[in-house]
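Asks: Sharing a structure here in structure tokens format.
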Amino acid sequence: SRLAWELPIFVIFRLKMRDIDCGFKLIKKAVVGKIPRLESERGPFITTEFLLKAKKAGFKIMEVGVHHYPDKTVGGSTGASLKVILSAYRELFRFWKKLKE
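When the letters of the sequence shown are read in order and numbered with our numbering, they come out as residues 2 to 102.
Pasting the structure below:
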């Protein structure tokens, strides 16, 4: 569930988001240019890592609700896959450990 991912993000990093992995993002080019290189070049942790680095850099992060409409012409969600979930938690703890060094 979404809470199983967002709760550890809040507890560990104090980043409170309602839908951290929403596919719609609007980011200023200046922000993208000032965020250090992402360790997660792709995968389930990339959005979380970007937001954590943006927060650490002092950028304001806000959420605006959007409606989600399923598109029956393309593939479905992969977020519920055990492989994806385990990969996300592995990346989360790797990132947390690196921050503690």
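Backbone N, C-alpha and C define an ideal beta-carbon position, used for all residues, glycine too.
#1: How would you label Leu53, buried or exposed, when you count the other beta carbons within 10 angstroms and need 16 or more for buried?
#2: How many whole angstroms separate the CB atoms of Glu7 and Ile21, which I take to be in contact at a CB cut-off of 8 Å?
#3: May I ask you to report which of helix, strand or coil DSSP gives Gly44?
#4: Evaluate Leu93 with the Cβ neighbour count: other Cβ atoms within 10 Å of its Cβ, from every protein chain shown; 16 or more gives buried, anything less gives exposed.
#5: Might you give, ordered along the chain, the residues of its own chain that have their beta carbon closer than 6 Å to the beta carbon of Gly14, omitting 5 neighbours on each side?
#6: Below 8 Å, can you find three or more Cβ-Cβ pairs linking the region 16 to 33 to the region 51 to 68?
#7: My output table needs one value for Val85: the three-state DSSP class, helix, strand or coil.
Replies: According to the structure data:
#1: One-based indexing of the sequence shown puts residue 53 at position 52. Leu53 should be labelled buried.
#2: Sequence index remark: in the sequence shown, residue 7 carries index 6 (1-based). Sequence index remark: in the sequence shown, residue 21 carries index 20 (1-based). About 6 Å; that satisfies the 8 Å criterion.
#3: Residue 44 sits at position 43 when you count from the first residue of the sequence shown. Gly44 falls in the coil class under three-state DSSP.
#4: Walking along the sequence shown from the start, residue 93 turns up at place 92. That one is buried.
#5: In the sequence shown, counting from the first residue as 1, residue 14 sits at position 13. Per the sequence presented here, residue 14 reads as Phe, with Gly not at that position. The residues are Leu53.
#6: Taking 8 Å as the limit for Cβ pairs, the verdict is that the region 51 to 68 does touch the region 16 to 33.
#7: By one-based count along the sequence shown, residue 85 stands at place 84. Helix.
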